[in-house]
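Working notes, beginning with the structure itself.
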Amino acid sequence: MDTARRKVRGFAHWLGEEVNDWFGDKPFSEGGKVSRGRLSVRTRWQEDESSSTSVRFRARFKLPNLEDKAYIFFGQENERELVSDQPETFSREQLLAESRKSDQTGFLGLGFNLRDHIDLRAGVRGGLKPYVQARYQREWALSAANRLEFRETVFWRISDGFGSTTVLNLEHVRSPSLSFRWQNAATVTKETDGFAWSSSVGAFKAFGDSRLLSLEALASGETGADAEVGEYGIRMKWEQPVYREWLLAELIVGHFWPRDEDSADRGRSWAVGAGLEMRF
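Going by the working numbering, the letters in the sequence shown line up with residues 109 to 388, in that order.
Here is the structure:
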């Protein structure tokens, strides 16, 4: 595992050196940095459906030739979630939804920290299709135990023009090891009738050494659709390191009640997901 991690990190450094040379003569060793590196493999199984496996790769690079306010990012993600800047909580992997290879896309982009809370990012995804994002993100400590996070992302992609995603999260810390979170996201594009929304309420219990147990109730839907609540369910997740602090395993068990627009009845199904994530 140590050898695999060194090779992955070595590849990331090589890529950082190559991209840094595009922008000037200052070597990557003079202040270059790879951060937020993630390589994950996840598999899921859902009742009455086939299982599926997905691989995700993501990293962020600080490049000396772009100085302090610019960075490069690249990886592989779900195309819709990448462009609309969806929170991880509501990703297809965390919701145990089917993930097809056609949904995944490689991407490469350039970001600028315009101000303390504002980022501007431009990139290309699979097939050299461009997209642009402008993000405002801020947190407030409402009290010693309560925290509010707000994020607004305006995006543009060549297929359907402009859209926006609004994220609002509220966290209440009950004790050093127990917290409660209410997380919300809403996305507007020309493809949605009104806006697509997701919401979750959950408890998160830490057991030390990066072990975390969570239990959440979730719902999602689209305003203006025949079924405004498209799906709701419960999800329990356990995550912990399995080799040192940088290789983490997670197990997710969920029970969901989805409803298709073509059906008047709501279905129900169990789903299970498992994954490994290497941080480098």
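Cβ atoms here follow ideal geometry from the backbone N, Cα and C, with glycine treated the same way. Computed from a predicted model, the values in this text were never measured in an experiment.
Residue from the options with nearest C-alpha to residue i
i, options, result
"residue 344", "133, 359, 266 and 294", "359"
"residue 387", "149, 128 and 136", "149"
"residue 114", "380, 348, 365 and 355", "355"
"residue 316", "305, 342 and 353", "353"
"residue 285", "363, 312 and 254", "312"
"residue 263", "231, 256, 257 and 290", "231"
"residue 383", "225, 202 and 190", "202"
"residue 184", "226, 233 and 137", "233"
"residue 367", "347, 340 and 385", "340"
"residue 265", "236, 211 and 254", "236"
"residue 229", "292, 155 and 177", "177"
"residue 320", "357, 363 and 134", "357"
"residue 338", "361, 369, 268 and 318", "369"
"residue 254", "238, 342 and 287", "287"
"residue 362", "130, 134, 200 and 182", "200"
Cβ neighbours of residue i in the same chain (closer than 8 Å, five flanking residues each side left out)
i, result
"residue 180", "124, 127, 168, 169, 171, 174, 216, 217, 218 and 219"
"residue 301", "330, 331, 332 and 333"
"residue 156", "377"
Residue i, buried or exposed, once every other Cβ within 10 Å from all chains shown has been counted against 16
i, result
"residue 186", "buried"
"residue 145", "buried"
"residue 222", "exposed"
"residue 289", "buried"
"residue 191", "buried"
"residue 270", "exposed"
"residue 160", "buried"
"residue 147", "buried"
"residue 152", "buried"
"residue 111", "exposed"
"residue 204", "buried"
"residue 336", "exposed"
"residue 379", "buried"
"residue 322", "buried"
"residue 74", "One cannot answer for residue 74 here, as it falls past the ends of the chain, which runs 109 to 388."
"residue 132", "exposed"
"residue 189", "buried"
Secondary structure of residue i, DSSP reduced to three states
i, result
"residue 377", "strand"
"residue 168", "strand"
"residue 92", "No statement about residue 92 is possible, as the shown extent of the chain runs from 109 to 388 and does not include it."
"residue 229", "strand"
"residue 150", "strand"
"residue 182", "strand"
"residue 192", "helix"
"residue 330", "strand"
"residue 286", "strand"
"residue 78", "For the chain, the structure presents residues 109 to 388; residue 78 sits outside this window and is missing."
"residue 118", "helix"
"residue 112", "helix"
"residue 384", "strand"
"residue 123", "helix"
"residue 198", "helix"
"residue 236", "coil"
Contacts around residue i, its chain only, beta-carbon distance under 6 Å, and the 5 residues preceding and following it disregarded
i, result
"residue 261", "193, 241, 243 and 273"
"residue 256", "248, 250 and 278"
"residue 351", "109"
"residue 304", "295 and 330"
"residue 292", "276 and 307"
Nonlocal neighbours in the same chain, by C-beta distance under 7 Å from residue i, ignoring five residues either side
i, result
"residue 121", "142"
"residue 246", "225 and 258"
Counting beta carbon pairs with one atom in the stretch 164–174 and one in the stretch 359–373, are three or more of them shorter than 8 Å? Segments in contact, no.
Counting pairs of Cβ atoms below 8 Å between the stretch 295–302 and the stretch 279–286, do you hit three or more? no
Does the pairing of the stretch 320–327 with the stretch 299–309 give three or more beta-carbon distances under 8 Å? yes
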